[in-house]
Each structure stands twice: as structure tokens, then as C-alpha cells.
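Colleague: Below is a structure I'd like to ask you about.
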DNA sequence: GACCCCCATTAACCTATGTTATAGATGGTT
DNA sequence: AACCATCTATAACATAGGTTAATGGGGGTC
């Protein structure tokens with residue numbers, strides 16, 4: 001348990017949590033240990049199939065994936081994009097079977113661990129438990145925002161919104177350079193994420209290019225004016241806050257509850 | 001701390017958790033104590049406004065509410081229905097401001113407690129923490145399923161699906177009698193939940209009535225043949241499982257992690 | 001009992017988006 | 001270099017669902 005090593009969490013998960021809450025060496029070691037078992041997967045491979053029994057909890061270390069649900073007749077909805085540092089099936093392991101599938105979009109590096117370790121974590125490291133809970137709440141907020149998109153935004157607004165969302169999420173993990181990032185996604189997947197047809201997503205992207213808001217070159221997308229794109233997408237600042245860090249989380253964990261506990 | 005009292009949790013939350021996991025007296029007492037501070041609200045009153053700072057965590061004891069998000073120009077999406085026993089803003093309290101509003105649809109009875117008590121709960125009762133985490137995951141699953149509805153199901157399918165969902169969720173709390181329950185909801189709210197216009201929801205409900213799948217009399221809705229309605233809505237059995245109890249949760253908490261812990 | 005407001009209902013018309021079809025890129029494989 | 005599978009791109013056409021507008025019912029309230 002070297003101090004120097006422990007202070008630089010090698011796990012993307014640890015790095016993500018560290019960005020909004022400082023961790024003790026013990027906590028960092030636990031996280032690093034969690035992610036010890038890393039597997040590699042090709043592009044377009046299923047990490048989890050809808051209807052399958054949940055196996056282990058996974059953390060995306062490198063690459064992209066999608067969470068998706070399908071109807072019996074094949075219609076499909078992409079629920080969310082899984083980006084580096086994201087957790088897959090954290091709580092869901094408590095369910096009997098998966099109600100959604102997870103499929104990689106690129107070659108991916110994934111850390112795997114047994115769900116029991118989550119329970120262990122809940123018992124031994126309440127601060128980590130709360131941090132992960134927060135992370136789960138964030139995921140829910142993202143899905144709810146997408147529901148608003150699909151339910152109430154026009155195709156143009158939806159598409160603009162998604163691009164801004166991905167830009168924001170990727171910048172946190174350091175994957176955006178001067179408004180440019182890799183979008184390893186076919187138009188079919190975009191369509192399934194936005195509840196549109198593949199033809200209409202094509203039309204919509206064309207419009208965004210014609211307006212001059214984005215540039216597309218293969219899988220490279222460049223956003224020229226984030227503010228303008230955000231305004232087209234009616235991107236909500238509140239929702240933005242959610243993607244950022246909760247300042248009070250650490251404070252709450254360190255101060256308030258210790259006080260309470262002492263009083264018990 | 002009377003044993004007899006503790007065994008019958010008076011809190012709907014406690015009752016809900018008890019339905020899938022047995023609780024110790026200490027845990028029950030903690031939950032009962034959480035819900036000590038009950039407030040009453042009229043119909044159509046805001047329990048939380050979008051953009052507002054989160055105040056306290058709430059548990060719906062009686063009545064219905066909706067979680068909703070709005071766009072600047074007034075378009076609105078109902079994210080979920082809050083039914084008796086549901087928690088409002090559990091994890092979200094870790095956020096700076098609410099990204100959604102919560103409004104009652106009926107007179108309501110709500111229990112309130114400070115977010116610090118959640119942290120307390122995480123530190124003192126890991127089993128409860130896991131149970132609540134599971135509850136949060138269930139909520140996410142419901143929202144994801146609605147996303148699938150709005151993104152990929154037709155108006156008729158969506159509407160049928162929602163009715164079956166509400167029927168299922170309400171039966172768990174004992175609010176359905178012979179396929180009949182109260183739907184304290186205007187067509188405008190249904191429209192906002194399903195991403196449809198108010199006119200089209202009307203058309204769709206008429207179709208469901210004409211087919212003979214449902215009966216509407218004021219706020220009383222009767223489902224004649226759940227199976228058929230579920231099949232119209234492409235209601236997924238997997239998703240159904242999620243609404244039921246997780247058999248393994250208690251087991252996992254009692255067995256596996258204690259073993260681990262002992263080994264430490 | 002007259003007035004209102006909110007809500008459900010329907011009809012007529014309109015449009016954003018879906019569907020079908022075709023052609024051209026792109027990139028990997030033999 | 002020819003082949004194949006995917007993917008993008010457009011055009012032409014179809015439709016599910018949106019919009020506008022008008023009507024009527026039910027339940028408060030003065």
C-alpha cells in the first residue's frame with residue numbers, strides 16, 4: 001500500500017470520483033483492486049444481452065458502448081452512451097435479468113468485478129457508496145433529459161442537444177480537443193438514440209452542417225460554436241450542473257453525519 | 001423500541017422494503033423515525049420546482065404526483081408518476097439544483113426528512129442503503145422503458161403500455177381492485193407523459209375504448225383484459241420482473257459480504 | 001339559476017417525420 | 001482489381017400525429 005501509488009488512482013473510475021471528492025488511500029486501493037481484472041473486447045460485441053442474467057459489474061476503461069432496449073419486432077432504442085469511466089450495471093445486478101443490452105461501438109477495455117464486491121463496498125466504504133449512488137443519479141438525470149428530448153424536442157433540437165451532451169461528457173474525461181472529438185457511431189445508432197429514422201437523422205445532420213454549426217469528417221465531429229449549438233438544442237444549464245461535480249457531497253459525508261453519529 | 005411496533009412498519013417506505021427484504025427492529029425504527037415529519041399538500045401544488053435548490057428528501061405516503069421537466073418555451077415532459085410509497089429526490093439531493101419539478105395531482109400526504117439522514121443511513125445501515133439503491137435502479141428502469149415507449153412505440157402502444165405499467169405498480173401498493181383503479185390525471189398530463197398532443201391522446205384513448213380494452217368513467221379506469229392490453233403495448237416481461245422484488249438482495253447482504261468481511 | 005372555467009371530444013386540415021428506393025462512398029478481403 | 005458488405009446520401013412519396021377551431025359537459029361560485 002504505497003502512498004505515492006495510492007494517490008494516483010490508476011482506475012478511470014477512481015479518477016472520476018477523485019475529480020469531485022478526495023479519497024483516502026484505503027478507498028483508492030479498494031477501487032484500484034476492483035478494477036484489477038481487465039478484459040478486452042472487439043467492436044460491436046455484446047457485453048450484456050437483454051434478458052440475460054446479470055453477471056458482473058463492469059467499468060468502461062477505454063472505448064464506447066451503448067445501452068439499448070429492443071422491442072420484439074426489432075425496433076430499438078439506445079438508452080444511453082457508455083463512455084470511458086462509466087459504470088455498467090451497477091445497481092442492476094440486484095435484478096434477476098437485464099432489461100437492456102450493452103454493446104461496444106469500438107474496441108473496448110473493460111474492468112470486471114463480482115457484484116458481491118458492491119455489497120462489500122457498501123458495508124466498508126460508505127463514502128464510496130454515496131459517491132457511486134451520486135453517479136447513478138447522474139445517469140438517471142441523463143436518461144430523463146433524453147426522454148425530454150425524444151418526447152418534446154424537434155429532430156433538429158434533439159440532435160443538437162445530443163451532440164452538446166456528448167461534447168460535455170467527453171470533455172470531463174479529456175477526450176475533446178478544440179471542439180473536436182471522435183463519434184464512433186453510425187447514423188443508425190444516432191437514429192435509435194434519438195427516436196428518429198435513419199433517413200431523417202441524415203437530413204438533420206445535413207441541416208446542422210449547412211447552418212455551419214458542425215463539421216463531420218468520417219468519425220471526427222467538430223463543433224464550431226458550442227453556445228449556438230446548445231441554444232439550438234435548448235440545452236439546459238441546470239442539467240449541465242448535474243454533469244459537473246457535487247461540491248457538497250464530500251462535505252456532507254465528512255461533517256454532517258459524523259456529528260449525527262456522535263450524538264447517537 | 002417495542003418489538004411489536006417495530007414489526008409493523010407504519011411507513012409506506014418501510015412496508016415497501018419489507019415486501020422484498022426482512023428488516024431488523026433497528027432498521028424499522030430508523031425508517032419509521034425518518035417519516036415522522038408528515039406534511040399535507042393540496043392538489044396541483046409544487047413539491048419541488050425545476051431550478052430550485054433541493055430541500056429535503058420526501059416520501060409519498062398518499063396521493064399521486066408527477067416528476068416533470070420543461071423547456072423554456074413551455075413544452076413539457078412528464079418523466080415519471082410518483083405513486084404512494086415512492087421516494088422523491090433521494091439521490092438528487094446531492095445535486096445543487098433540481099433539474100425537474102414535482103407537482104401533486106391529488107391532495108397528498110408527504111413525509112419529509114433532511115438529506116443528511118441519508119448519509120447517516122449509508123453509514124449506519126448498509127442494508128437499507130442497498131435496498132434504497134435498488135429502489136433507485138428500479139426508477140431508472142422505469143424511465144428507460146418510457147424512453148423506449150416515446151422513442152419507438154406508436155401512440156396506441158405507448159398508451160396501452162403506460163396503463164399496464166400503472167396497473168402493475170398500483171397493484172403492488174394494493175390500489176387496484178378487479179382491474180379498476182383511479183387515474184387522477186388529465187389528458188394533458190397523459191399527453192405530456194407520452195410525448196403526444198392532447199388531441200391525439202384523446203383519439204388514442206377512444207380507440208382503446210372502442211376496441212373494448214379499457215373503460216373510462218371519470219377518473220376510474222377499468223382494464224378488462226390485462227394480457228391483451230399488455231400485448232398491444234408490447235409490455236416486456238423482463239421489465240415486469242424489475243418491478244417485482246429482488247430475491248437475491250437480502251441473501252447477498254446477509255451471506256456473501258459477511259463472509260468477505262470476516263476474511264479481511 | 002346564470003356565469004365561468006376547465007376539461008373532454010371531434011372534425012378538418014397540415015406538417016414533421018417515416019418509408020421505399022436508388023446510387024454512390026468507403027473499406028476490408030481474396 | 002474485382003467483390004462484398006456497410007454506410008452515407010438523396011429523392012419521391014406516404015402517414016402518424018400535430019394544430020386549430022368549435023362544441024358540449026361538469027362542477028364550482030356569486
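Chains as they are written, first to last, in the UniProt record's numbering: chain A, 1 to 264; chain B, 1 to 264.
Cβ atoms here follow ideal geometry from the backbone N, Cα and C, with glycine treated the same way.
Since we're looking at a predicted model, the values are computed, not measured.
Counting only beta-carbon atoms, is residue 143 of chain A nearer than 8 angstroms to chain B?
Modeller: It does; some Cβ of chain B falls within 8 angstroms.
Colleague: By DSSP, does residue 178 of chain B sit in helix, in strand, or in coil?
Modeller: Looking at residue 178 of chain B - three-state DSSP - the assignment turns out to be coil, as it is neither helix nor strand.
Colleague: Considering only the alpha carbon of each residue, which of A/76, A/120, A/210, A/198 lies closest to residue 149 of chain B?
Modeller: Comparing Cα-Cα distances from residue 149 of chain B to each of A/76, A/120, A/210, A/198, the minimum goes to A/76.
Colleague: Output needed for residue 207 of chain A: all residues of its chain with C-beta closer than 7 angstroms, excluding positions within five of it in sequence on either side, in chain order.
Modeller: If we look at residue 207 of chain A and ignore the five residues flanking it on each side, its Cβ neighbours are 156.
Colleague: Nearest-angstrom Cα distance between residue 268 of chain B and residue 187 of chain B?
Modeller: Only positions 1 to 264 of chain B appear in the structure, and residue 268 of chain B is not among them; the question remains open.
Colleague: Given a limit of 7 angstroms on CB to CB distance, which residues of the region 56 to 75 of chain B reach chain A?
Modeller: Here the close residues are 69, 71, 72, 75.
Colleague: Which residues share a DSSP beta bridge with residue 173 of chain B?
Modeller: Residue 173 of chain B is not bridged to any residue.
Colleague: Less than 8 angstroms between the beta carbons of residue 266 of chain B and residue 63 of chain B, yes or no?
Modeller: Not covered by the structure: residue 266 of chain B. The range shown for chain B is 1 to 264.
Colleague: How is residue 215 of chain B classed by DSSP in three states: helix, strand or coil?
Modeller: Reduced to three states, the DSSP call for residue 215 of chain B is strand.
Colleague: So residue 146 of chain A is in the alpha helix (DSSP H); what residue range does that whole segment cover?
Modeller: It spans 126 to 152 - the alpha helix (DSSP H) in which residue 146 of chain A sits, taken as one unbroken run.
Colleague: Name the residues in the region 23 to 57 of chain B whose C-beta lies less than 9 angstroms from a C-beta of chain A; which are they?
Modeller: Hits within the stretch, in order: 50, 51.
Colleague: Can you tell me whether residue 234 of chain A is buried or exposed? The criterion is at least 16 other CB atoms within 10 Å of its CB, across all chains shown.
Modeller: Per the 10 Å Cβ criterion, buried.
Colleague: By the DSSP assignment, the alpha helix (DSSP H) with residue 37 of chain B in it spans what residues?
Modeller: Looking at the DSSP string, residue 37 of chain B is not in any alpha helix (DSSP H), and its letter there is neither H nor E.
Colleague: If you draw a straight line from the C-alpha of residue 45 of chain B to the C-alpha of residue 97 of chain B, how long is it?
Modeller: When rounded, the distance between both Cα atoms is 19 angstroms.
Colleague: What are the boundary residues of the alpha helix (DSSP H) that includes residue 192 of chain A?
Modeller: 187 to 194 is the span of the alpha helix (DSSP H), which, as asked, contains residue 192 of chain A.
Colleague: Inspect the beta-carbon positions of residue 79 of chain A and residue 163 of chain A and report whether they are closer than 8 angstroms.
Modeller: No; because the gap between Cβ atoms is not below 8 angstroms, this pair is not in contact.
Colleague: Is DSSP giving residue 271 of chain B helix, strand or coil here?
Modeller: Nothing can be reported for residue 271 of chain B, as the shown portion of chain B is limited to 1 through 264.
Colleague: Would you kindly work out how many angstroms separate the C-alpha atoms of residue 139 of chain A and residue 239 of chain A, rounded to a whole number?
Modeller: When rounded, the distance between both Cα atoms is 11 angstroms.
Colleague: Reducing DSSP to helix, strand and coil, say where residue 71 of chain B ends up.
Modeller: Of the three classes helix, strand and coil, the one that applies to residue 71 of chain B here is coil, per DSSP.
Colleague: Quick test of the definition: if touching needs 3 or more C-beta pairs under 8 angstroms, does the region 37 to 54 of chain A touch the region 101 to 118 of chain A?
Modeller: Contact holds: three or more Cβ-Cβ distances are below 8 angstroms.
Colleague: Along the alpha helix (DSSP H) that carries residue 229 of chain B, what are the first and last residues, could you check?
Modeller: Residues 226 to 232.
Colleague: From the beta carbon of residue 123 of chain B, is the nearest beta carbon of chain A less than 8 angstroms away?
Modeller: With 8 angstroms as the cut-off, residue 123 of chain B counts as an interface residue toward chain A.
Colleague: May I ask you to list, following chain order, the residues of the region 148 to 170 of chain B that have a beta carbon less than 8 angstroms from some beta carbon of chain A?
Modeller: Here the close residues are 148, 150, 151, 152, 153.
Colleague: Given that a residue counts as buried once 16 or more other Cβ atoms are within 10 Å of its Cβ, and exposed if not, what is residue 24 of chain A?
Modeller: Flag for residue 24 of chain A reads exposed.
Colleague: Need the endpoints of the beta strand (DSSP E) that residue 46 of chain B sits in, please.
Modeller: 46 to 48 is the extent of the beta strand (DSSP E) around residue 46 of chain B.
Colleague: List the residues of chain B whose Cβ lies closer than 8 angstroms to the Cβ of residue 79 of chain A, in chain order.
Modeller: Chain B residues near residue 79 of chain A: 144, 147, 148.
Colleague: Are there 16 or more other CB atoms within 10 angstroms of the CB of residue 87 of chain B, so buried, or fewer, so exposed?
Modeller: Per the 10 Å Cβ criterion, buried.
Colleague: Does the region 213 to 228 of chain B touch the region 170 to 180 of chain B, meaning 3 or more C-beta pairs lie closer than 8 angstroms?
Modeller: With the cut-off at 8 angstroms, the region 170 to 180 of chain B and the region 213 to 228 of chain B touch.
Colleague: Pick helix, strand or coil for residue 204 of chain A, following the three-state DSSP scheme.
Modeller: Helix at residue 204 of chain A.
Colleague: For the structure I just gave you, are there three or more beta carbon pairs, one from the region 124 to 135 of chain A and one from the region 98 to 105 of chain A, closer than 8 angstroms?
Modeller: Segments in contact, no.
Colleague: In this structure, does DSSP put residue 235 of chain B in helix, strand or coil?
Modeller: Residue 235 of chain B: coil per DSSP, three-state reduction.
Colleague: Once DSSP output is grouped into helix, strand and coil, what is the label at residue 20 of chain A?
Modeller: Correct three-state label for residue 20 of chain A: coil.
Colleague: With a cut-off of 8 angstroms, does the C-beta of residue 126 of chain A fall near any C-beta of chain B?
Modeller: It does; some Cβ of chain B falls within 8 angstroms.
Colleague: The beta strand (DSSP E) that contains residue 101 of chain A, what's its start and end?
Modeller: Element bounds for residue 101 of chain A: 101 to 104.
Colleague: Interface residues of chain B around residue 230 of chain A at Cβ under 7 angstroms?
Modeller: Near residue 230 of chain A there are no residues of chain B at all, since even the closest Cβ is about 12 angstroms away, more than 7 angstroms.
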